[in-house]
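Here is the structure we will look at.
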Amino acid sequence: MAIETDALPQLTNEEIKRYSRHLIMPEVGVDGQRRLKAGSVLCVGAGGLGSPAAMYLAAAGVGRIGVVDFDVVDFSNLQRQIIHGTSSVGKTKLQSAKERLTDINPNIQVDTYETALSSENALELFKPYDVILDGTDNFPTRYLTNDACVLLGKPNAYGSIFRFEGQASVFAAKDGPCYRCLYPEPPPPGLVPSCAEGGVLGVLPGVIGVIQATEAIKLIAGIGEPLIGRFLIYDALRMRFRELKLRKDPDCPVCGTNPTVTRLIDYEAFCGLRPSVEEEAAQMVQGAAKATSQTDITAVELKQRMDRGDALTIVDVREPNEYQINRLPGSQLIPLGEIPRRYAELNPEDEIVVSCKIGGRSAKAADYLRSVGFKHVLNLKGGIIAWVDKVDPTMPRY
Amino acid sequence: MATKILIPTPLRPYTDKQEAVEASGTTIGELLVDLTTKYSGLKAHLYNEQGKLRSFVNIYINDEDIRYLQKDQTPVSATDTVSIIPSVAGGV
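Shown next, in the form of structure tokens:
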């Protein structure tokens, strides 16, 4: 990014007109705009965060924008993934994003990568870009993005959201902390709900995504004070911003003085989503294959057992407003947060089926019930959405 | 002596939906024990089976991470604000 001014690309007359509001500011000026034109950002994810970020990066004249996404535009995306529109539903997110970005600014180069980011491709994908913008939605990919940035020496304009709260920072900058300095360990799967389960205020990723884009622009243009070593916390409902201090951890396994992680690892195993290769081999050798069938029940199996007249207690752990939208026949509602206080309402000898929207929260509730002595607890795999898809499509889907 | 603790959104289901609660203690360690006694649903989210603070949750006193102060021995006063900052991954 520290290119000699003479080597920077010149601006065309059209670009001078287009970026005039940048050029007349001393903080950017012609040289700053030329740096942006020479600069490149890779947006990992064209969803809630990636959408506004990529659009503003295009508008600002970042010369090359890469987008990584393998998803297709869905109706429920439109409440916040502002780069896509109603006419994009059914298109790939990449196709939709590329059309929009090219319309905003035909001068820039838009590269699309229709793939899931993985340990096999991350280093190659990241290499050509100056800044990586983390707009992903799961822990394994966040750790993967972080580690790849540290290994390559590329800054990571980080942002994340949950309901109406957001976080932003710049990780993996030289002498700055990385994501693992802040969070050495991911939460166990199912502990933190995804956007589909927790919901998200549509405008929230708009704010955080543009903060990420702002940081990317500052890093490329070499202006302002980036969020290196600073953790920005945003609460949209209270409209409060807070800033916490972040430090580089000298013992960090990736960016510390004696790194132990020098290659990309299996991030799904790291986040507990899949046993590691060693654990799987050990289980097979012992002949004790993990029997998830004893802890889960599918929607179709549940329907069969209900039709047979089996005595089942169905506990729905969603929130009351979700229960108003749809519910399993014969279910009772105990929201997840109330389970520790209200499980005494249930009989520990009964056969209990726990459900939620897609199976994450109910898995947690099922584990909790087992831990307090419930003998026969089954988690409804795929939640009520699986029931709507496989058993009763007349029920509303949300 | 009660200190204010800010509760992040993912943990509010376990504090009766409150975004800030009060707890007593002269150190962070004492404060968190009081907090998890009052709101037992929080315990599993903050502590692992060995009773250690989980490392995907950070505790801040004002704007400083306790890991760089005296960890759970960090002294706390009534005028401090303690925040629990969990890692969240949402982005889509």
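Protein chains in written order, with my numbering: chain Z, 90 to 487; chain E, 98 to 189.
By construction, the Cβ of each residue, glycine as well, lies at the ideal position given by its N, Cα and C atoms.
Quick caveat, the model's predicted, so the values are computed rather than measured.
The segment 458 to 468 of chain Z makes no contact with the segment 101 to 111 of chain E, as fewer than three CB pairs between them are under 8 Å.
Short of 7 Å from the beta carbon of P98/Z, and not among the five residues preceding or following it, lie these beta carbons of its own chain, in chain order: R123, K126 and A127. Under DSSP, the beta-bridge partners assigned to A117/E are L103/E. CA-to-CA, the gap between G255/Z and V185/E works out to about 9 Å. The beta-carbon of S174/E is placed no less than 7 Å from the nearest beta-carbon of chain Z.
Excluding sequence positions up to five before and after A454/Z, its CB lies within less than 6 Å of the CB of V406, L425, I428 and V443, all in the same chain and listed in chain order. In the DSSP assignment, K263/Z falls outside any beta strand (DSSP E), carrying neither H nor E. In this structure, F260/Z lies away from Y272/Z, with their beta-carbon atoms at least 7 Å apart.
Across the segment 246 to 262 of chain Z, CB contacts with chain E closer than 9 Å involve G248, S249, I250, F251, R252, F253, E254, G255 and Q256, in sequence order along the chain.
Taking the CA atoms as reference points, F330/Z sits about 11 Å from A257/Z. Using a Cβ-Cβ cut-off of 7 Å, P485/Z is close to nothing in chain E; its nearest Cβ partner there is about 22 Å away.
Residue pairing of D162/E in beta bridges, as defined by DSSP: Y157/E. Taking 7 Å as the CB threshold, E127/E stays off the interface with chain Z. Against chain Z, the beta carbon of Y144/E has no neighbour under 8 Å; the closest one sits roughly 13 Å away. Against E274/Z, the close residues of chain E are R151, S152 and F153, in the order they occur along the chain (beta-carbon pairs closer than 8 Å). Think of a sphere of 7 Å around the beta carbon of G138/E: the chain Z residues whose beta carbon falls inside it are G426 and P429, in chain order. At a cut-off of 7 Å, the C-beta of L333/Z has a neighbouring C-beta in chain E. For the C-beta of I447/Z, not a single chain E residue is nearer than 8 Å; the gap to the nearest is close to 14 Å. Exposure of E209/Z is indicated by the presence of fewer than 16 other C-beta atoms within 10 angstroms of its C-beta.
Just so you know, the alpha carbons of S165/Z and P172/E end up roughly 47 Å apart. Using a Cβ-Cβ cut-off of 7 Å, T106/E counts as an interface residue toward chain Z, since at least one Cβ of chain Z sits closer than that to its own.
Counting only Cβ-Cβ distances below 7 Å, I156/E has no contacts in chain Z at all, with the closest Cβ about 11 Å away. Interface criterion not met: the Cβ of R450/Z is under 7 Å from no Cβ in chain E.
The shortest C-alpha to C-alpha distance from L458/Z to any of V480/Z, A475/Z, W476/Z and L435/Z is the one to L435/Z.
A Cβ-Cβ separation of about 5 Å places V130/Z in contact with A305/Z under the 8 Å criterion. Using a Cβ-Cβ cut-off of 7 Å, D160/E counts as an interface residue toward chain Z, since at least one Cβ of chain Z sits closer than that to its own.
In this structure, A135/Z lies away from A96/Z, with their beta-carbon atoms at least 7 Å apart.
For L271/Z, the residues of chain E that pass the 9 Å Cβ criterion are N155, D162, I182 and S184, in the order they occur in the chain. If the five residues before and after T225/Z are omitted, its C-beta is found closer than 7 Å to the C-beta atoms of V133, G134, R231 and T234, all from its own chain and listed in chain order.
With respect to the C-alpha of Y165/E, the residue from G472/Z, T402/Z and P339/Z having the closest C-alpha is P339/Z.
Closest in C-alpha terms to S137/E, from the list T112/E, G187/E and E146/E, comes T112/E. R336/Z reaches chain E at D162 and Y165, counting residues in chain order whose Cβ is nearer than 8 Å.
Going by beta carbons, G298/Z and P141/Z fall inside the 7 Å limit. When secondary structure is reduced to three states using DSSP, G255/Z falls in the strand class. Contact between K446/Z and E411/Z holds, with the beta-carbon distance rounding to 6 Å and staying under 8 Å.
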